[in-house]
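S.K.: Its first residue numbered 16, the sequence shown is counted upward by one per residue in my numbering.
Where a beta carbon is used, it is the ideal one built from N, C-alpha and C, also for glycine.
Predicted model, so just to flag it, every value in this text is computed and none were measured.
The structure is given below, and queries will be raised subsequently.
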Amino acid sequence: MVAQAKRNKGDIKITTKLSGEKRAVRSTSSAAVLTENLDFYYGSAQALFDITLDIPSQHVTALIGPSGCGKSTFLRCLNRMNDIIPGTKVEGKLYIDGENIYERNTDVVALRKKVGMVFQKSNPFPKSVFDNVAYGPRIHGERNMKRLSEIVERSLVHAGLWEEVKERLQDNALDLSGGQQQRLCIARALAVDPEILLMDEPTSALDPKATARVEDLIEELVKDFSIVIVTHNIQQAARVSDFTAFLFEGKLIEFDNTRKLFTKPAKKQTEDYITGRFG
16 MVAQAKRNKG
26 DIKITTKLSG
36 EKRAVRSTSS
46 AAVLTENLDF
56 YYGSAQALFD
66 ITLDIPSQHV
76 TALIGPSGCG
86 KSTFLRCLNR
96 MNDIIPGTKV
106 EGKLYIDGEN
116 IYERNTDVVA
126 LRKKVGMVFQ
136 KSNPFPKSVF
146 DNVAYGPRIH
156 GERNMKRLSE
166 IVERSLVHAG
176 LWEEVKERLQ
186 DNALDLSGGQ
196 QQRLCIARAL
206 AVDPEILLMD
216 EPTSALDPKA
226 TARVEDLIEE
236 LVKDFSIVIV
246 THNIQQAARV
256 SDFTAFLFEG
266 KLIEFDNTRK
276 LFTKPAKKQT
286 EDYITGRFG
């Protein structure tokens, strides 16, 4: 079942260049991220091909497609996490707040403050709950304990975890349940006040109950943040996202309003994927 619209998005115009097509007229609506003719290489192997896409601001955008299609590679391009992999190369442009983040003078630390990320497997530090959430603000220079305490509480509230851990702030974060650890990682990402939140299969290691908690949390977070989520779960994309991009073999096949893409896809390849004919 396709998720019902939760925000007024019917008048948003989508700007994209699909594989094999000329680019559409640029949208006048606001975008959190704009990519132009983005190519990505692992050494000599090309993983992304000519991706041009405007990701709408203050909405949830899902990236779907079979394993190895480039979803996570594209996601990591948005905050330059691929930079840590030797031999990688990016061609094309990727704009956030009007700045091409692949310019030589880009402050990557500041970029990753603006574009937070939550990974597939929860990865709390072997520190206290408090220190996990306070880690980012401390890295960026915050030393005032009163201010840090306010940030930690606000972030944990935002992540839907405060009531569960407010008496356990000095406990080791590794003692939390799997679902709590993932929400802690979300709180840690929120603590530096990002504009965009990237989520790489954030529920794939969670049980159904914990998955539902994270999905409910996404619905709340999008009121304040632009969210891009990679998921292998077609039903999850339908439940949580406003827009969906279907990638295949490193190419953008289709991008549209989620309801439209799931009920009336423009491409036969998209229809075949979402109906389970391949994947």
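Label ARG38 either buried or exposed according to how many other C-beta atoms from any shown protein chain fall within 10 Å of its C-beta, with 16 as the threshold for buried.
M.R.: Taking the first residue of the sequence shown as 1, we reach residue 38 at position 23. Bear in mind that the predicted position of ARG38 carries a pLDDT of just 41, short of 50, making it unreliable; the figure below should be weighed with that in mind. Exposed.
S.K.: What is the DSSP secondary structure of SER241, counted as helix, strand or coil?
M.R.: Your numbering for residue 241 matches position 226 in the sequence shown. In this structure, SER241 counts as strand in the three-state DSSP scheme.
S.K.: I'd like to check one pair, VAL130 with ILE211: are the Cβ atoms closer than 7 angstroms?
M.R.: Here residue 211 refers to the residue found at position 196 when the sequence shown is read from its first residue. Here residue 130 refers to the residue found at position 115 when the sequence shown is read from its first residue. It is a contact, given that the beta carbons lie within the stated cut-off.
S.K.: In whole angstroms, what is the alpha-carbon distance linking LYS238 and SER72?
M.R.: Working through the sequence shown from its first residue, we reach residue 238 at position 223. Working through the sequence shown from its first residue, we reach residue 72 at position 57. When rounded, the distance between both Cα atoms is 10 angstroms.
S.K.: Count the other CB atoms within 10 Å of the CB of ASP271; is the residue buried (16 or more) or exposed (fewer)?
M.R.: As a first step, residue 271 is located in the sequence shown; it is residue number 256 there, counting from the start. By the neighbour-count rule (16 or more Cβ atoms within 10 Å), ASP271 is buried.
S.K.: Could you tell me if THR278 is buried or exposed, where buried requires 16 or more neighbouring beta carbons within 10 angstroms of its beta carbon?
M.R.: Position 263 of the sequence shown holds residue 278. Counting Cβ neighbours within 10 Å, THR278 comes out exposed, since fewer than 16 surround it.
S.K.: Do the region 233 to 247 and the region 212 to 221 touch if we need at least three Cβ pairs shorter than 8 angstroms?
M.R.: Yes: at least three Cβ pairs fall under 8 angstroms.
S.K.: Thinking C-alpha only, which one of PHE293, TYR117, GLU106 and LYS128 is nearest LEU213?
M.R.: Counting from 1 along the sequence shown, the entry for residue 213 is found at position 198. Checking every option, the nearest Cα to that of LEU213 belongs to LYS128.
S.K.: Excluding the 5 residues flanking GLU269 on each side, which residues of the same chain have their C-beta closer than 7 angstroms to its C-beta?
M.R.: Your numbering for residue 269 matches position 254 in the sequence shown. So the qualifying residues of the chain are LEU33, PHE261, LEU276, PRO280, ALA281, LYS282 and THR285.
S.K.: May I ask you to report which of helix, strand or coil DSSP gives LEU78?
M.R.: Stepping through the sequence shown from its first residue, residue 78 is reached at position 63. Correct three-state label for LEU78: strand.
S.K.: By DSSP, does GLN61 sit in helix, in strand, or in coil?
M.R.: Against the sequence shown, residue 61 aligns to sequence position 46. In this structure, GLN61 counts as strand in the three-state DSSP scheme.
S.K.: Taking the alpha-carbon positions, what's the ARG274 to TYR117 distance?
M.R.: Within the sequence shown, residue 274 is the residue found at index 259, counting from 1. Within the sequence shown, residue 117 is the residue found at index 102, counting from 1. C-alpha separation (whole angstroms): 33 angstroms.
S.K.: For a test of the three-state rule: what should DSSP assign to LYS104, helix, strand or coil?
M.R.: For the purposes of this step, residue 104 is taken as residue 89 along the sequence shown, with counting starting at 1. Reduced to three states, the DSSP call for LYS104 is strand.
S.K.: Distance, Cα to Cα, ARG158 vs GLY107?
M.R.: Taking the sequence shown and counting its residues from 1, the one referred to as residue 158 is at position 143. Taking the sequence shown and counting its residues from 1, the one referred to as residue 107 is at position 92. Rounded to the nearest angstrom, the two C-alpha atoms are 39 angstroms apart.
S.K.: Applying the 10 Å Cβ sphere with the 16-neighbour rule, what's the burial state of THR290?
M.R.: Within the sequence shown, the letter at position 275 stands for residue 290. Classification of THR290: exposed, given that the 10 Å Cβ count is below 16.
S.K.: So what's ASP215 in DSSP terms, helix, strand or just coil?
M.R.: Position 200 of the sequence shown, counted from the start, is the residue given in the question as residue 215. Correct three-state label for ASP215: strand.
S.K.: Would you kindly check if the distance between the Cβ of ALA204 and the Cβ of ALA77 is under 7 angstroms?
M.R.: Position 62 of the sequence shown holds residue 77. Position 189 of the sequence shown holds residue 204. In this structure, ALA204 does not lie closer than 7 angstroms to ALA77 by Cβ.
S.K.: Within 10 Å of its beta-carbon, does SER59 have 16 or more other beta-carbons around it, so buried, or fewer, so exposed?
M.R.: Taking the first residue of the sequence shown as position 1, residue 59 is located at position 44. Exposed, since its Cβ has fewer than 16 Cβ neighbours within 10 Å.
S.K.: Using three-state DSSP, classify TYR288 as helix, strand or coil.
M.R.: Numbered from 1 along the sequence shown, position 273 holds the residue referred to as residue 288. TYR288: helix per DSSP, three-state reduction.
S.K.: So VAL229 packs on ARG198, CB below 8 angstroms; how close in whole Å?
M.R.: Locating residue 229 in the sequence shown gives position 214, counting from the first residue. Locating residue 198 in the sequence shown gives position 183, counting from the first residue. Going by Cβ atoms, the distance from VAL229 to ARG198 rounds to 7 angstroms, so yes, they are a contact pair.
S.K.: Let me make sure I understand the geometry here. Which of THR259, LYS142 and PRO223 has the alpha-carbon closest to that of ARG183?
M.R.: Within the sequence shown, the letter at position 168 stands for residue 183. Of THR259, LYS142 and PRO223, the residue nearest in Cα terms is LYS142.
S.K.: Taking the runs of the beta strand (DSSP E) that are 3 residues or longer, which of them lie wholly in the region 126 to 198?
M.R.: Within the region 126 to 198, the complete beta strand (DSSP E) runs of at least 3 residues are 130 to 133.
S.K.: Should PRO139 and GLN195 be called a contact, given that it needs their Cβ atoms to be closer than 7 angstroms?
M.R.: One-based indexing of the sequence shown puts residue 139 at position 124. One-based indexing of the sequence shown puts residue 195 at position 180. No, they are not a contact pair.
S.K.: Note down the Cα distance separating VAL255 from ASP231, rounded to an integer number of angstroms.
M.R.: Taking the first residue of the sequence shown as 1, we reach residue 255 at position 240. Taking the first residue of the sequence shown as 1, we reach residue 231 at position 216. Between VAL255 and ASP231, the C-alpha separation is close to 8 angstroms.
S.K.: Going by DSSP, what residues sit across from ASN272 in a beta bridge?
M.R.: Here the question's residue 272 lines up with position 257 in the sequence shown. PHE258.
S.K.: Taking 6 angstroms as the limit between beta carbons, can you name the residues of its chain near SER87, skipping five residues before and five after?
M.R.: Position 72 of the sequence shown holds residue 87. These residues qualify, in order along the chain: ASP215 and VAL245.
S.K.: Count the other CB atoms, across all protein chains shown, that sit within 10 Å of the CB of ARG91; report buried if there are 16 or more and exposed otherwise.
M.R.: Residue 91 sits at position 76 when you count from the first residue of the sequence shown. Buried, since its Cβ has 16 or more Cβ neighbours within 10 Å.
S.K.: Under 7 angstroms between the Cβ atoms of LEU63 and PHE89?
M.R.: Taking the first residue of the sequence shown as position 1, residue 63 is located at position 48. Taking the first residue of the sequence shown as position 1, residue 89 is located at position 74. In contact: LEU63 and PHE89 (Cβ atoms closer than 7 angstroms).
S.K.: DSSP on GLU230, reduced to helix/strand/coil?
M.R.: To locate residue 230, count along the sequence shown from 1; it is residue 215. DSSP places GLU230 in helix when its eight states are reduced to three.
S.K.: Would PRO101 be called buried (16 or more neighbouring beta carbons within 10 Å of its own) or exposed?
M.R.: Residue mapping note: residue 101 aligns to position 86 of the sequence shown, counting from 1. So PRO101 counts as exposed.
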